[in-house]
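Numbering (this note's numbering), first residue to last: 18 to 314. In this text, a Cβ means the ideal position worked out from N, Cα and C, and glycines have one as well. From a predicted model like this one, the values you see are computed outputs, not experimental measurements. To keep things clear, I will list the structure first and then write my remarks on it.
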């Protein structure tokens with residue numbers, strides 16, 4: 018996601034390199050790609066004949082397939098290989114990643130620099146349905162979806178949560194400002210959305226503090242927004258005349274129809290195309306997979 022099409026001398030992109038010292042990549046050099054990390058050892062032992070860039074993308078494809086509903090999302094047919102690694106040093110690449118501050122950053126990285134559209138961007142953001150934020154690494158803590166079990170499933174729940182949950186801002190005025198929902202609980206799961214998630218549907222640039230839903234209460238009468246200041250204002254959704262209307266429209270499309278439903282097809286189809294674009298930007302001479310090595314003889 019560090020590709021910049023306007024930089025003709027150093028566009029970066031899927032080149033097998035990440036800035037290990039940048040805060041945006043916190044956790045990667047400790048738990049994912051280190052000398053003793055499982056993924057690194059697997060690469061060195063069995064797959065070092067392919068580039069790191071190809072291996073990382075193939076590994077991500079495998080995770081997506083294994084965590085998608087009934088292993089439905091198989092990206093083998095759209096996978097291409099032949100990316101060339103740069104050396105292990107790529108200073109400045111972390112500065113090109115989207116910051117969690119809001120949609121201005123999303124627009125800059127995905128639309129302006131990478132040349133993607135809003136539908137592509139919204140589909141890629143749906144990957145937040147997997148995993149969790151950790152305050153020790155990013156300062157943001159919690160899962161984007163309801164439970165840790167849900168956070169191991171690649172589906173459209175991320176979009177449902179944006180629309181259906183009552184999100185309120187937390188840590189206002191701090192660099193780690195983000196959003197949470199539900200009642201604080203010592204044993205319950207902490208929930209998380211970033212500004213870059215909420216701003217796909219809601220205009221939060223000049224409407225803080227606000228809640229994404231207002232006027233709803235728990236059975237004991239407590240407002241679901243919980244934060245009394247935020248509860249006074251509902252975060253407005255983008256209108257059709259807003260420059261980010263396409264983002265809101267795309268989120269609605271990913272829902273797959275009226276809630277509740279199990280239709281992940283719109284999300285899976287959009288993600289397939291967006292991921293193909295994101296993993297091939299700036300690349301040339303890539304090759305498709307073949308069914309067997311015999312066809313190469």
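Helix, strand or coil at residue i according to DSSP, with G and I counted as helix
i           : result
residue 73  : helix
residue 321 : Residue 321 cannot be examined here, being either before or after the span of the chain that is shown, 18 to 314.
residue 127 : helix
residue 240 : strand
residue 95  : helix
residue 149 : strand
residue 299 : coil
residue 111 : helix
residue 249 : helix
Residue i - containing beta strand (DSSP E), residue span
i           : result
residue 315 : This structure does not reach residue 315, given that the chain is present from 18 up to 314, and the question cannot be answered.
residue 55  : No beta strand (DSSP E) holds residue 55; the alpha helix (DSSP H) holding it covers 55-59.
residue 91  : Segment: none, residue 91 is in no beta strand (DSSP E) and carries neither H nor E.
residue 196 : 195-197
Option in the options with minimal Cα separation from residue i
i           : options               : result
residue 99  : 60, 159, 308 and 303  : 303
residue 116 : 291, 220, 194 and 242 : 194
residue 188 : 224, 79, 157 and 129  : 157
residue 146 : 81, 229, 101 and 91   : 81
residue 209 : 95, 168 and 219       : 168
residue 135 : 218, 19, 226 and 237  : 218
residue 124 : 155, 213 and 286      : 213
residue 223 : 233, 252 and 191      : 252
residue 306 : 181, 93, 236 and 211  : 93
Cβ neighbour criterion (16 or more within 10 Å) applied to residue i
i           : result
residue 215 : buried
residue 87  : exposed
residue 26  : exposed
residue 174 : buried
Start-to-end residues for the alpha helix (DSSP H) that takes in residue i
i           : result
residue 224 : Taken as a continuous stretch (DSSP letters only), residue 224 belongs to no alpha helix (DSSP H), as it is neither H nor E.
residue 293 : 282-295
residue 264 : 262-271
residue 135 : 135-142
residue 49  : Run containing residue 49: none; DSSP gives neither H nor E here.
residue 212 : 212-215
residue 175 : 174-181
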